[in-house]
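Working notes for the structure below.
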Amino acid sequence: MIAALILALTGSLAAAPSSARSASSTTYVISLAQPAQHLVQVEMTLPAGPAERQLQMPVWNALYQVRDFAQYVNWIHAQDRSGKPLAVRQVNDSLWLVSGAAAGAVVAYQVYADSAGPFGAQLNSHHAFFNLAEILMYPVDARTVPARVRFSGLPQGWRLATPLNEDSDGYWNALNYDRLVDSPVEIGTFAESDFDEGGGHYRVIVDADAGDYDMEKIVAMLRKIVAAATTWMNDRPFDTYTFFYHFPRAPAGGGMEHSYSTAIDVNAEVLARAPDALASVTAHEFFHLWNVKRIRPQTLEPVDYARANYTRALWFSEGVTSTAADTILLRSGLIDERRFFDDLGGDIGELEGRPAHLTQSVEESSLDAWLEGDAYYRRPERSISYYNKGELLGIALDLAVREASHGRASLREVFQWMNQNYAKKGKFFPDSEGVRQAAEAVSHASLEWFFSKYVAGTEEIPWNDFFRTVGLREVETTNTLADAGFIASRNFDGPMVVEEVTPGSQADQLGLRAGETMLAIDGKPAGEESREELARLKPGDLITVKVRGRRGGEHELKWNVGSRQEVSYELRDLEKITPEEQARREAWLKGEAQGATAAAGSTGQ
Ligand SMILES: [Zn+2]
38 MIAALILALT GSLAAAPSSA RSASSTTYVI SLAQPAQHLV QVEMTLPAGP
88 AERQLQMPVW NALYQVRDFA QYVNWIHAQD RSGKPLAVRQ VNDSLWLVSG
138 AAAGAVVAYQ VYADSAGPFG AQLNSHHAFF NLAEILMYPV DARTVPARVR
188 FSGLPQGWRL ATPLNEDSDG YWNALNYDRL VDSPVEIGTF AESDFDEGGG
238 HYRVIVDADA GDYDMEKIVA MLRKIVAAAT TWMNDRPFDT YTFFYHFPRA
288 PAGGGMEHSY STAIDVNAEV LARAPDALAS VTAHEFFHLW NVKRIRPQTL
338 EPVDYARANY TRALWFSEGV TSTAADTILL RSGLIDERRF FDDLGGDIGE
388 LEGRPAHLTQ SVEESSLDAW LEGDAYYRRP ERSISYYNKG ELLGIALDLA
438 VREASHGRAS LREVFQWMNQ NYAKKGKFFP DSEGVRQAAE AVSHASLEWF
488 FSKYVAGTEE IPWNDFFRTV GLREVETTNT LADAGFIASR NFDGPMVVEE
538 VTPGSQADQL GLRAGETMLA IDGKPAGEES REELARLKPG DLITVKVRGR
588 RGGEHELKWN VGSRQEVSYE LRDLEKITPE EQARREAWLK GEAQGATAAA
638 GSTGQ
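Residue numbering for the sequence shown follows my numbering, starting at 38 and increasing by one per position.
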């Protein structure tokens, strides 16, 4: 229907239906014939249009980081429909201009793809996984026309999974480029399962060693998560949803949300040791199908693929997605109350332990997301995490809405209101202001104080003012912890880098310096698990690190770790809990407004 409409509007004259479709759409053919070299060949057929055509390679996608995907484009050339070469002139590092393309053009280019994980594009001898924006350019004048893609040169035995729909010609079809690149593709010898739940159909694609996971357990977990989430939102804006999982042996981790799917990597060792890590990231990514993909900040629309997209709303789109994920895990029984309280205490400790919580607001942290690749920016004195403070603000906002509405509304009503008033109407919300309007609409009270102090501002959050309403208080205890004398962290796929070294510490005296690469800690490659390794140390323990200096050269350092005082936070019951506080707490832990149980019952909960 839409393709026909565009034909009518552009007045294209087409002899046959099949050529009519290709004339009004951008067609990509992606060759996987060189997997060992990680080389992907793309042939892009442009629809008829202006003679001069700009071709843009996105500079960012999947992560809020500029990664300049054009760096991997080895060469590009173009020809017209009859095979005559057309001039291709480079305009900047990510933009090309093709001339003489009024009747359409065929553009060919080669791109290197070897970035592993849910945020990458990779072709190797084992499989291919693509975030398509990292390998596909788009014609700037025709980004909104239908896009279709076909894959050729697949190695023997490889199959393909994507949320896109396939037509009878073997093309996967999308409404436009944006929808195309919101649809990841896994090609290889993956395992697959599927199930139906609450009227929705779900596919599970797993690319991992068969001994590293249990498909039945994953499906059982997914059933609980999707049932709890769709019931909580009272909505299921899709027919089919796909979960892509990779459980690599290499250090890895992360999840990426899409409108009709998610791609999640969990290290195989982590999965074996802490299977609930999978439930936690899955609930977060699944909830994103509403919050950020459909309940979407105006500042992210339309997406600007050519430069960083600044938004103040990531505290809500990411952090409060984690708050909602906690509720989903509680409602589905995948975590219990004690675990929820313990995690909450840990989250408070993480925020309070970063001196930057007094200098950087959570909106500023959202704007600064684009700096997260830099180790200096990740220092506790420099930045806070919009995930961490956003998740806590989700908790505080939930409690504030309940208090302001005398228990009649909650975070659930805030999300449902935003779903009805923005997502369902095809509108985008005006960042923090839009969240405030929604929270005020459901609680019938002004929440200006909340947003000015804690969202736009850096005031200390008075935890007990919020927790008191549910009969809890926050208790601070000071503990003596091991202190290795340095902090290290890594960008999503980068090496572990030393952020800072405590002046005067053993590490400092031995010459460890900020900016150096941490290769190994106690003989184990530095990676995701290093944080846990460091947390297990006791004062006096010997630590051995292997380091690469800023100008190259590797060396090993050994010392006995020191100690430091750290405040930890715990949620405990108030000495006397009133029946009102008890009732409020029960509703809060269910993620429901008070008196909402009857209404929830009618949706089958
Ligand atoms: Zn997220």
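Backbone N, C-alpha and C define an ideal beta-carbon position, used for all residues, glycine too.
Inter-residue Cα distance where the pair is Asn111 and Glu485: 52 Å
Rounding to the nearest angstrom, what Cα-Cα distance links Ser59 and Ala115 in this structure? Model confidence at Ser59 stands at a pLDDT of 47, short of 50, so the residue's coordinates are unreliable; what they give is reported in the following sentence. If I take the Cα positions, the gap works out to 17 Å.
Closer than 7 Å: His325 CB and nearest ligand 1 heavy atom: yes
Got a sec: does ligand 1 put a non-hydrogen atom nearer than 7 Å to the Cβ of Glu355? Checking every heavy atom of ligand 1 against the Cβ of Glu355, one is found closer than 7 Å.
Helix, strand or coil at Leu626 [DSSP, three-state]: Helix at Leu626.
Is any heavy atom of ligand 1 found at a distance shorter than 7 Å from the C-beta of Thr348? no
Is the beta carbon of Ala350 closer than 8 Å to that of Thr364? Taking 8 Å as the Cβ cut-off, Thr364 and Ala350 do not qualify as a contacting pair.
Below 7 Å, is the gap between the Cβ of Glu409 and the nearest heavy atom of ligand 3? As presented, the structure is devoid of ligand 3, carrying ligand 1 as its sole ligands.
Buried/exposed call for Ser119, threshold 16 Cβ in 10 Å: Label assigned to Ser119: exposed.
Uninterrupted alpha helix (DSSP H) stretches inside the stretch 392 to 446 (no shorter than 4 residues): 399 to 404 and 423 to 441
Kindly indicate which residue of Gly560, Gly586, Ser567 and Tyr175 has the alpha-carbon position closest to the one of Ser131. Tyr175
Mark Lys627 as exposed unless 16 or more other C-beta atoms lie within 10 angstroms of its C-beta, in which case mark it buried. Result: buried.
So what does DSSP say about Ser542, is it helix, strand or coil? coil
If contacts are defined as beta-carbon pairs under 8 Å, then Glu570 and Asp559 qualify, I think. What distance do you get, rounded to the angstrom? 7 Å
Distance cut-off 7 Å: His295 Cβ against heavy atoms of ligand 1: no
Since Asn129 sits in a beta bridge, which residues does DSSP pair it with? Leu132
Just the Cα atoms here: how many angstroms apart are Ile385 and Ala544? 28 Å
Nearest to Val177 (by Cα), restricted to the options Met533, Arg416, Asp341 and Ser605: Asp341
Hey, would you say Gly222 sits closer than 8 Å to Ser62, going by beta carbons? Just to set this straight, residue 222 is Val in the shown sequence, not Gly. No, the pair does not count as a contact, with Cβ atoms beyond the cut-off.
Which whole runs of the alpha helix (DSSP H) in the stretch 536 to 588 are 4 residues long or more, in chain order? 543 to 546 and 567 to 572
CB-CB under 7 Å to Ser354, same chain, minus the five flanking residues each way: which ones, in chain order? Asn328, Val329 and Pro334
Exposed or buried, which one is Asp302 when buried takes at least 16 other CB atoms within 10 Å? buried
At a cut-off of 7 Å, would you count Thr360 as near ligand 1, judging by its Cβ distance to the nearest heavy atom? no
Out of Lys261, Ala140, Leu197 and Glu389, point me to the one whose CA is closest to Thr495's CA. Taking Thr495 as reference, the option from Lys261, Ala140, Leu197 and Glu389 with the minimal CA-CA separation is Glu389.
Cβ of His114 versus every heavy atom of ligand 1: is any distance shorter than 7 Å? no
Under 7 Å: does the beta carbon of His321 sit that close to some heavy atom of ligand 1? Indeed, a heavy atom of ligand 1 lies less than 7 Å from the Cβ.
List, from N- to C-terminal side, the alpha helix (DSSP H) runs of 4 residues or more that fit wholly inside the stretch 302 to 331. 305 to 310 and 313 to 324
With a 10 Å radius around its C-beta and 16 neighbouring C-beta atoms as the bar for buried, classify Ala265 as buried or exposed. buried
DSSP on Asp341, reduced to helix/strand/coil? coil
Name the residue from Leu547, Gly577, Val512 and Val582 whose alpha carbon lies nearest to the alpha carbon of Glu612. Val512
Within a Cβ cutoff of 6 Å, which residues of the same chain sit near Arg445, ignoring the five residues on either side of it in sequence? Ala630
Hey, which unbroken runs of the beta strand (DSSP E) at 3 residues or more fall wholly within the stretch 491 to 541? 509 to 520, 523 to 527 and 533 to 538
Taking the alpha helix (DSSP H) that Ser469 falls in, what are its first and last residues? Asp468 to Ser480
Are the CB atoms of Arg187 and Tyr214 within a distance shorter than 8 Å? no
Own chain partners of Ala460 with C-beta closer than 8 Å, once the 5 adjacent residues on each side are dropped: Pro274, Trp327, Arg331, Ile332 and Arg333
State the start and end residues of the unbroken alpha helix (DSSP H) segment that holds Asp363. Segment Val357 to Arg368, the alpha helix (DSSP H) holding Asp363.
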